[in-house]
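In what follows, a structure is listed as structure tokens, so that the remarks can point back to it.
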Amino acid sequence: RSVYDGEEHGRFMEKLEARIRNHDREIEKMCNFHYQGFVDSITELLKVRGEAQKLKLIIAMEELKQCRLQQRNISATVDKLTLCLPVLEMYSKLREQMKSKRHYPALKTLEHLEHTYLPQVSHYRFCKIMVDNIPKLREEIKDVSMSDLKDFLESIRKHSDKIGETAMKQAQQQRNLDNIVSQHPRISGGKKSKKEVCASSDLEVKTTSPMSEQDSGILDVEDEDEDEEVPGAQDLVDFSPVYRCLHIYSVLGARETFENYYRKQRRKQARLVLQPPSNMHETLDGYRKYFNQIVGFFVVEDHILHTTQGLVNRAYIDELWEMALSKTIAALRTHSSYCSDPSLVLDLKNLIVLFADTLQGYGFPVNQLFDMLLEIQDQYSETLLKKWSGVFRNILDSDNYSPIPVTNEEVYKKIVGQFPFQDAELEKQPFPKKFPFSEFVPKVYNQIKEFIYACLKFSEDLHLSSTEVDDMIRKSTNLLLTRTLSNCLQNVIKRKNVGLTELVQIIINTTHLEKSCKFLEEFITNITNVLPETVHTTKLYGTTTFKDARHAAEEEIYTNLNQKIDQFLQLADYDWMAMEPGSKASDYLVDLIGFLRSTFAVFTHLPGDVDVHSTMSGKVAQTACMSACKHLSTSLMQLLLEAEVRQLTLGALQQFNLDVEECER
65 RSVYDGEEHG RFMEKLEARI RNHDREIEKM CNFHYQGFVD SITELLKVRG
115 EAQKLKLIIA MEELKQCRLQ QRNISATVDK LTLCLPVLEM YSKLREQMKS
165 KRHYPALKTL EHLEHTYLPQ VSHYRFCKIM VDNIPKLREE IKDVSMSDLK
215 DFLESIRKHS DKIGETAMKQ AQQQRNLDNI VSQHPRISGG KKSKKEVCAS
265 SDLEVKTTSP MSEQDSGILD VEDEDEDEEV PGAQDLVDFS PVYRCLHIYS
315 VLGARETFEN YYRKQRRKQA RLVLQPPSNM HETLDGYRKY FNQIVGFFVV
365 EDHILHTTQG LVNRAYIDEL WEMALSKTIA ALRTHSSYCS DPSLVLDLKN
415 LIVLFADTLQ GYGFPVNQLF DMLLEIQDQY SETLLKKWSG VFRNILDSDN
465 YSPIPVTNEE VYKKIVGQFP FQDAELEKQP FPKKFPFSEF VPKVYNQIKE
515 FIYACLKFSE DLHLSSTEVD DMIRKSTNLL LTRTLSNCLQ NVIKRKNVGL
565 TELVQIIINT THLEKSCKFL EEFITNITNV LPETVHTTKL YGTTTFKDAR
615 HAAEEEIYTN LNQKIDQFLQ LADYDWMAME PGSKASDYLV DLIGFLRSTF
665 AVFTHLPGDV DVHSTMSGKV AQTACMSACK HLSTSLMQLL LEAEVRQLTL
715 GALQQFNLDV EECER
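Using the working numbering, read the sequence shown as starting at 65 and increasing by one per residue.
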């Protein structure tokens, strides 16, 4: 500070410069003294620098080595992961397929996993776990697919009636179509077979691939309206569970096990289907449901036969059908025998024909069903006879047994239209006039025709020849005439309260019905187109029936007359000890003769022969008169010769003689 404060700067600087120079000299001396050591130190430092460079290089090499090792590890890891990831992805896909119940794709995935992917990474522990799980997964797929099959079998068992109903509706439509084609042959080149129709009307089943991603329900179509086209029976069924299960078991080498299981279960179902309900005979719906289930069962089996290779074969189907046929026929024989309503029997016959036609369309032989229908035809005939027995009884019971009065031309033509009657004399008479017969004649005649129509209805669609139909109708009609109508007439004739007037009218009526038999013959000929002259044609026994009824009525007239005579004779009270005779014939005898006179007046309505209505000259009137006279004379003689008459007077004999003379007169 004193330097700065003073003015001795220059001096100070000189002093400082001198000091610096001194120090420089000392430094130079020092350096000269230590030069070799310095050089050595520098040399050492240079050596150290080289070693340091080497050390840095070694560290860098170690880092590079570590980096390269990491790169190699990463590359190896990527390679291994590249192998493992597809395995894991496949396993994940397998689990997803199992979860979504896509078992057949899962089985395929399992195969790829086992044979393609896992061998490449088999040394990893997780792969060993997968390998150990594969048999379990296979069993799981097997069990689940079998469970699906069981669900399918249960579903088709429940819905077989719907399947069968659809098949039978379709067969009905085809039959209607055939009828239209047969009526208008120009609109079609020819009749299609059932199989062709199935193909042309989209009847092919949805043959879902076993690789299908999703199972669908057994019934894919809701109920269709009657007016809409009926879906094919097999369109209603999704068979994919069967196909999948079959493929799965085939892949697993257990196809035979699957086939045996399927056939065994279907046989059990067949037995259940073929077991008819106990009340089946009560309604037509009971039979319809029974048939629907059977048809549904065989429609399914027929499709399985044609869409799988060997799951079922023709021998197995034929065996099932033979069993079904025998059980069905036995059930129908039993239950149809309970049926007493001819309308129900006729409906049943139509249902059986439709049932047979439906199954025949699928290639099943149904001749035995048509043979059984001929047996049911006999039963149908019996139920008709029972029904017509009641009809005839009602007609005969409600008849007034009086000639039918007609007051105008309209009524006259109506009756002539109902019954084949021609009488030139009656036509000439003015109105009002009377037909000779009572109302039961046209009614009975028309009911016989109704019976013939009813018989004809049963013969439709039975594939019978005209001759067979004609023979069937004639035999049934003969039974109606000779058994049913004959019994009804005999019962009327034998009734206790039947009067002579009614008996006379019955004779007239049966005569006209006898004459109408030739028209019944013509009626049958017209509807069957079989001439009566044809060999083996059965003749109608109507003539015999009505003759027998007329003879029975005649005998009843004779018997009734004699009984009436006996009743009058019971009133006879002869005084065998009278001294003088009376002045006239006995009162009882006068009344008896009056009764006979009025009775024989009734006979004026009787026909003398088949063609002409004569009066008392008729055979019946003459015979009745002779019978009455003979019976009266015999009875009078018995009165005279009775054991109780020990003695008699001349007066009593004269009175008796008066009565005999009255009879002669």
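Glycine residues also receive a C-beta, built at the ideal position from the N, C-alpha and C atoms. A quick note: this is a predicted structure, and the numbers were derived from the prediction, not measured.
Would you tell me roughly how many angstroms separate the C-alpha atoms of E473 and S502, rounded to the nearest one?
18 Å
List the whole-angstrom C-beta distance separating G454 from Q357, where the pair is believed to meet the contact cut-off of C-beta under 8 Å.
At roughly 36 Å, the Cβ-Cβ gap does not stay under 8 Å, so G454 and Q357 are not in contact.
Would you mind working out which of E566, K648, L703 and V709 sits nearest E620, comparing C-alpha positions?
E566
Apart from the five residues on each side of it in sequence, which residues of its chain come closer than 8 Å, Cβ to Cβ, to L604?
R538, T541, N542, L545, C581, L584, E585 and I588
Proximal residues to L656 (C-beta, below 7 Å), its chain only, five neighbours per side dropped:
I629 and F632
Kindly indicate which residue of P645, L564 and L396 has the alpha-carbon position closest to the one of A617.
L564
Across the region 419–436 and the region 228–243, are there enough close Cβ pairs to call them in contact, namely three or more that are closer than 8 Å?
yes
Given a threshold of 16 other Cβ atoms within 10 Å of its Cβ, counted over all protein chains shown, does H370 qualify as buried or as exposed?
exposed
Within 10 angstroms of the Cβ of P183, are there 16 or more other Cβ atoms? Answer buried if so, exposed if not.
exposed
Starting from F485, trace the alpha helix (DSSP H) in both directions and tell me its first and last residue.
No alpha helix (DSSP H) holds F485; DSSP gives it neither H nor E.
Do L50 and I312 have their C-beta atoms within less than 9 Å of each other?
Lying before the first or after the last residue shown, residue 50 is absent from the chain, which here runs from 65 to 729.
Where does the unbroken alpha helix (DSSP H) through E365 begin, and where does it stop?
L348 to T371
Could you check if T574 is buried or exposed, using at least 16 other CB atoms within 10 Å of its CB as the buried criterion?
buried
Cut-off 8 Å between Cβ atoms - residues of its own chain near E725, not counting five sequence neighbours on either side
A649
Is V269 buried or exposed, if buried means 16 or more other CB atoms sit within 10 Å of its CB?
Unreliable placement is indicated for V269, whose pLDDT of 37 sits below 50; no coordinate value is reported for it.
Using CA coordinates, which residue listed in A685, M194, E126 and K163 is at the minimum distance from H176?
M194
Continuous alpha helix (DSSP H) stretch holding R330: start and end
R319 to V337
Contact defined as beta carbons within less than 8 Å: I believe S691 pairs with D612. What is the distance between those atoms, to the nearest angstrom?
Actually they do not touch by this definition, with Cβ atoms about 19 Å apart.
For a minimum of 4 consecutive residues, which ranges assigned as the alpha helix (DSSP H) are wholly contained in the region 625–713?
651–666 and 683–704
Assess, as a yes-or-no matter, whether the region 442–454 is touched by the region 511–523 under the definition of 3 or more beta carbon pairs within less than 8 Å.
yes
Does any CB atom of chain D fall closer than 9 Å to the CB of Q718?
Of the protein chains in this structure there is only one, and it is not chain D.
Using 10 angstroms around the beta-carbon of M741, count the other beta-carbons present and answer buried if the total reaches 16, otherwise exposed.
Nothing can be reported for residue 741: it is not among the residues displayed for the chain, which extend from 65 to 729.
Does DSSP put K560 in a helix, in a strand, or in coil?
coil
Taking Cβ to Cβ, would you say A388 is nearer than 9 Å to M344?
no
Assess contact between the region 455–465 and the region 548–562, defined as three or more Cβ pairs (one per stretch) separated by less than 8 Å. Is contact present?
yes
Output the boundary residues of the alpha helix (DSSP H) element that contains G114.
H73 to K163
Do you know whose CA, among V480, V709, L133 and P645, lies nearest Q718's CA?
P645
Along the chain, where does the alpha helix (DSSP H) that runs through T471 open and close?
Where T471 is concerned, there is no enclosing alpha helix (DSSP H), given that its DSSP letter is neither H nor E.
At least 3 beta-carbon pairs within less than 8 Å: the region 523–532 vs the region 468–485
no
From the DSSP secondary-structure annotation, give me the bridge partner or partners of K497.
V470
Identify, in the order they occur along the chain, each residue of the same chain with its Cβ nearer than 8 Å to the Cβ of R547, setting aside the five sequence neighbours on each side.
L449
With 16 other Cβ atoms within 10 Å as the buried cut-off, status of H399:
buried
DSSP state of E524, grouped into three classes?
coil
Determine the DSSP secondary structure at P429, reduced to helix, strand or coil.
coil
Compute the distance between the beta-carbons of G767 and K214, then report whether it is under 9 Å.
Shown here, the chain extends from 65 to 729; a query on residue 767 therefore has no answer.
In the DSSP assignment, find the alpha helix (DSSP H) that holds M536 and state where it starts and stops.
S530 to L543
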